[in-house]
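Peer 1:
Number of protein chains: 2
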Amino acid sequence: MSAIRVAVDVVILAIREGKLQVLLVKRRYAPFQGRWAIPGGFVKEEESLESAAQRELEEETGVRDVYLEQLYSFGDPGRDPRGRIVSVCYFALLSSGDIAPKAGTDAADAGWFAAFQPPPLAFDHARILDYALLRLRYKLEWTTAGFQLLPKKFTLTDIQKVYEAVLNKRLDKRNFRRKLALLDVLEPLHEYRSEGAQRPARLHRFSAKKFELLKDKGILFPF
Amino acid sequence: MSAIRVAVDVVILAIREGKLQVLLVKRRYAPFQGRWAIPGGFVKEEESLESAAQRELEEETGVRDVYLEQLYSFGDPGRDPRGRIVSVCYFALLSSGDIAPKAGTDAADAGWFAAFQPPPLAFDHARILDYALLRLRYKLEWTTAGFQLLPKKFTLTDIQKVYEAVLNKRLDKRNFRRKLALLDVLEPLHEYRSEGAQRPARLHRFSAKKFELLKDKGILFPF
DNA sequence: CCAAAAGTGTTAGGAGTACACCCATGG
DNA sequence: CCATGGGTGTACTCCTAACACTTTTGG
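Chains as they are written, first to last, in my numbering: chain A, 1 to 223; chain B, 1 to 223.
1) Tyr67 (chain A): which of A:Phe154, A:Ser96, A:Ala197 sits nearest, CA to CA?
2) Return the residue from the list B:Ser87, B:Asp98, B:Leu23, B:Ile12 that minimises the CA-CA distance to Val63 (chain B).
3) How should Gly104 (chain B) be labelled, buried or exposed, when 16 other C-beta atoms within 10 angstroms of its C-beta is the threshold for buried?
4) If you draw a straight line from the alpha carbon of Trp112 (chain B) to that of Ser87 (chain B), how long is it in whole angstroms?
5) If you measure between the beta carbons of Val10 (chain B) and Tyr72 (chain B), is that distance less than 9 Å?
6) Within a Cβ cutoff of 6 Å, which residues of the same chain sit near Ala52 (chain B), ignoring the five residues on either side of it in sequence?
7) Can you name the residues that DSSP bridges to Tyr192 (chain B)?
8) Could you tell me whether any Cβ in chain B is nearer than 9 Å to the Cβ of Pro77 (chain A)?
9) Report all residues from its chain with a CB closer than 6 Å to the CB of Pro31 (chain A); omit the five preceding and five following residues, and keep chain order.
10) Give me the Cα-Cα distance between Leu121 (chain B) and Gln54 (chain A), rounded to the nearest whole angstrom.
11) Roughly how many whole angstroms lie between the Cα atoms of Ile159 (chain A) and Arg35 (chain B)?
12) Could you say which of B:Asn168, B:Gly196, B:Glu195 lies nearest to Lys19 (chain B) if we only look at CA atoms?
13) Please identify, using Cβ separations under 8 Å, the residues of the segment 6-20 of chain B that lie next to chain A, in order along the chain.
14) My parser needs the beta strand (DSSP E) runs of 3 or more residues fully inside the segment 109-135 of chain B; what are they?
15) Rank B:Val6, B:Arg170, B:Lys152 by C-alpha distance to the C-alpha of Ala74 (chain A) and give the top, closest one.
16) Going along chain A in order, which residues have a C-beta closer than 7 Å to the C-beta of Glu46 (chain B)?
17) Of all Cβ atoms in chain A, is any one closer than 9 Å to the Cβ of Phe74 (chain B)?
18) Got a sec, what are the start and stop residues for the alpha helix (DSSP H) Lys180 (chain A) sits in?
19) Can you give me the C-alpha to C-alpha distance between Asp130 (chain A) and Pro119 (chain B), rounded to a whole angstrom?
20) Using the rule of at least 16 other Cβ atoms within 10 Å of the residue's Cβ for burial, across every protein chain shown, is Tyr192 (chain A) buried or exposed?
21) How would you label Tyr163 (chain B), buried or exposed, when you count the other beta carbons within 10 angstroms and need 16 or more for buried?
22) Along chain A, which residues have their Cβ under 8 Å away from the Cβ of Gln70 (chain B)?
23) Under a CB-based cut-off of 9 Å, is Ile4 (chain B) close to chain A?
24) Look up Thr144 (chain B) in the DSSP assignment and say whether it is helix, strand or coil.
25) Note down, in chain order, every chain B residue with its Cβ under 7 Å from the Cβ of Arg84 (chain A).
26) Mind checking if Leu49 (chain A) is an interface residue toward chain B, Cβ cutoff 9 Å exclusive?
27) Have a look at B:Asn175, B:Phe154, B:Ile38 and flag the residue whose alpha-carbon is nearest the alpha-carbon of Leu203 (chain B).
28) Name the residues in the segment 87-98 of chain A whose C-beta lies less than 8 Å from a C-beta of chain B; which are they?
29) Would you mind sorting Ala132 (chain A) into buried or exposed? The rule is 16 or more other CB atoms within 10 Å of its CB.
30) With respect to the alpha helix (DSSP H) encompassing Gln54 (chain B), which residues constitute its N-terminal and C-terminal limits?
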């Protein structure tokens, strides 16, 4: 019987203040006491890996029904000085509308950080975060996962800013909108959002039935 | 302390007789006694996940230095009636030149099967195989992983047959070759292979230094 | 009327696809 | 000389990328 323990870690990402940010928790105990870390915990005997990830996510953010995807499993001996721990890592994409609920929990030792300039992280968490960011960039270019980072109603500029924040580069407005239109997954609403002394922007929503069709075209990744 | 055990399973794939085949082992004991299964075993306390996968691979095939990539971790409670087992799955691509060594080991209860029409499999192994095949198809279209399925020297028709076997469709010879040329990863050799009463085909080899450049272009997947 | 973001088309280059014939060899 | 797989080019379509101005609003 092996003494290997199984944990899940969840890289929780959201767009805040126009930037891609990651939710980290401060470690209360050794090892790496006081360091920031990706939230996670041990898998319980009777729960699935995905349930464990969802549970961790909900404990940290108070949020359910969030985009969650398995990333990679890290299990080198020595990655955790407490013993042999295999960590099945997930990443979660929060819509900016879902972020508020979190504040209620244990805000003192949890915080949002710029995902591309994180503080020093505990264990091998820097590597995990790097891989999550890499995967997110790929997903954004080849799937419609980017909409998970937005609230239900959003403007075309909102979604463009998501892409710019994650891909870390400027995009051309006209080309971006043409590509969006080609995807045919947005439903323009008869609502507009006024943001100050400018022309109000039209709100759109992601259309789930068109989304399903993309799967058939093979545009979406399975996991 | 959790009683979860950690295993690795390795989906071993190769092109044989022009078809994509998978190496399966026959289970000696219950549960699923006599059923075919994806080879795997428990991770030892002191070895990394990848070492464990390599070890399993070598035990089954006698082969080292093979393309090996982590696929996904499966860990639903109940997936194994013997208890809670989390399986970190890998897939391995064997070059057709590497297949011969295998025969020496325990051939009686191991065999190659058409990957797209496998026999009934033990546990949730059908799902694992499906996912491996899906991943392989994506990799083939977006990376140069297909060359792992060939020996060092091969003809352009050889590589086309690999693509046709994995993607399960016919490809146009001229278009395929043009795309290959664009990738610029092949080095034509001054050697030819005669296959009978036809014009001999020129041999090529995969050029590793050009391969590295693809990484920079983002064409290759990181894992 | 001014500042600020919203919204909108055209063109040129590159990649993908469809398609058919001659070449070199062994028997 | 013939059967067999090896090898090659062109035309069309579609996607991508570069690029600038008018519209609408609040102040």
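C-beta atoms are modelled at their ideal positions from N, C-alpha and C, and glycine is treated no differently.
Peer 2: This is what the structure gives:
1) In the first sequence, the residue the question calls residue 67 (chain A) occupies position 67. Of the candidates A:Phe154, A:Ser96, A:Ala197, the one whose C-alpha sits nearest the C-alpha of Tyr67 (chain A) is A:Ser96.
2) Working through the second sequence from its first residue, we reach residue 63 (chain B) at position 63. Ranking B:Ser87, B:Asp98, B:Leu23, B:Ile12 by Cα distance to Val63 (chain B) puts B:Asp98 first.
3) The count along the second sequence starts at 1 and reaches residue 104 (chain B) at position 104. Any reading at Gly104 (chain B) must be qualified, since the residue scores a pLDDT of 45, below 50, and its modelled position is unreliable; the value itself is stated next. Answer is exposed; the Cβ neighbour count stays below 16.
4) For this step, residue 112 (chain B) is matched to residue 112 along the second sequence. For this step, residue 87 (chain B) is matched to residue 87 along the second sequence. The straight-line gap from Cα to Cα measures roughly 22 Å.
5) For this step, residue 10 (chain B) is matched to residue 10 along the second sequence. For this step, residue 72 (chain B) is matched to residue 72 along the second sequence. Taking 9 Å as the Cβ cut-off, Val10 (chain B) and Tyr72 (chain B) do not qualify as a contacting pair.
6) Start at 1 with the first residue of the second sequence, and residue 52 (chain B) comes out as number 52. Counting only Cβ-Cβ distances below 6 Å, and skipping sequence neighbours, we find Val8, Val43.
7) By 1-based counting over the second sequence, the position of residue 192 (chain B) is 192. The partner list for Tyr192 (chain B) (beta bridge, DSSP) reads B:Arg202.
8) Here residue 77 (chain A) refers to the residue found at position 77 of the first sequence. By this cut-off, Pro77 (chain A) is an interface position.
9) Counting from 1 along the first sequence, the entry for residue 31 (chain A) is found at position 31. Around Pro31 (chain A): Pro81.
10) Translated into positions along the second sequence, residue 121 (chain B) becomes position 121. Translated into positions along the first sequence, residue 54 (chain A) becomes position 54. About 30 Å.
11) As a first step, residue 159 (chain A) must be located in the first sequence, where it is residue number 159. As a first step, residue 35 (chain B) must be located in the second sequence, where it is residue number 35. Those two C-alpha atoms are separated by around 50 Å.
12) What you label residue 19 (chain B) is simply residue 19 of the second sequence in a count that begins at 1. Nearest C-alpha to Lys19 (chain B): B:Asn168.
13) Val6
14) 110-114
15) Taking the first sequence and counting its residues from 1, one reaches residue 74 (chain A) at position 74. A small fix is needed here, since residue 74 (chain A) is Phe in this sequence, not Ala. Of the listed residues, the one whose Cα sits closest to Phe74 (chain A) is B:Val6.
16) In the second sequence, counting from the first residue as 1, residue 46 (chain B) sits at position 46. What Glu46 (chain B) touches in chain A: Pro77.
17) To locate residue 74 (chain B), count along the second sequence from 1; it is residue 74. True, the Cβ-Cβ gap to chain A drops below 9 Å.
18) Residue mapping note: residue 180 (chain A) aligns to position 180 of the first sequence, counting from 1. Position check: residue 180 (chain A) holds Leu in this sequence, whereas Lys was assumed. Per DSSP, Leu180 (chain A) belongs to the alpha helix (DSSP H) from 173-183.
19) Here residue 130 (chain A) refers to the residue found at position 130 when the first sequence is read from its first residue. Here residue 119 (chain B) refers to the residue found at position 119 when the second sequence is read from its first residue. Those two C-alpha atoms are separated by around 39 Å.
20) Within the first sequence, residue 192 (chain A) is the residue found at index 192, counting from 1. With fewer than 16 Cβ atoms within 10 Å of its Cβ, Tyr192 (chain A) is classed as exposed.
21) The count along the second sequence starts at 1 and reaches residue 163 (chain B) at position 163. Flag for Tyr163 (chain B) reads buried.
22) Counting from 1 along the second sequence, the entry for residue 70 (chain B) is found at position 70. Result: Tyr72, Ser73.
23) Here residue 4 (chain B) refers to the residue found at position 4 when the second sequence is read from its first residue. So yes, Ile4 (chain B) belongs to the interface.
24) Taking the second sequence and counting its residues from 1, the one referred to as residue 144 (chain B) is at position 144. If DSSP states are grouped into helix, strand and coil, Thr144 (chain B) belongs with coil.
25) Taking the first residue of the first sequence as 1, we reach residue 84 (chain A) at position 84. Within chain B, the residues near Arg84 (chain A) are Glu45.
26) For this step, residue 49 (chain A) is matched to residue 49 along the first sequence. Closer than 9 Å: yes.
27) Locating residue 203 (chain B) in the second sequence gives position 203, where the first residue counts as 1. For Leu203 (chain B), the nearest C-alpha among the options comes from B:Phe154.
28) Val88
29) On the first sequence, position 132 is the one that residue 132 (chain A) refers to. The residue is buried, with at least 16 neighbouring Cβ atoms inside 10 Å.
30) Numbered from 1 along the second sequence, position 54 holds the residue referred to as residue 54 (chain B). Segment 49-61, the alpha helix (DSSP H) holding Gln54 (chain B).
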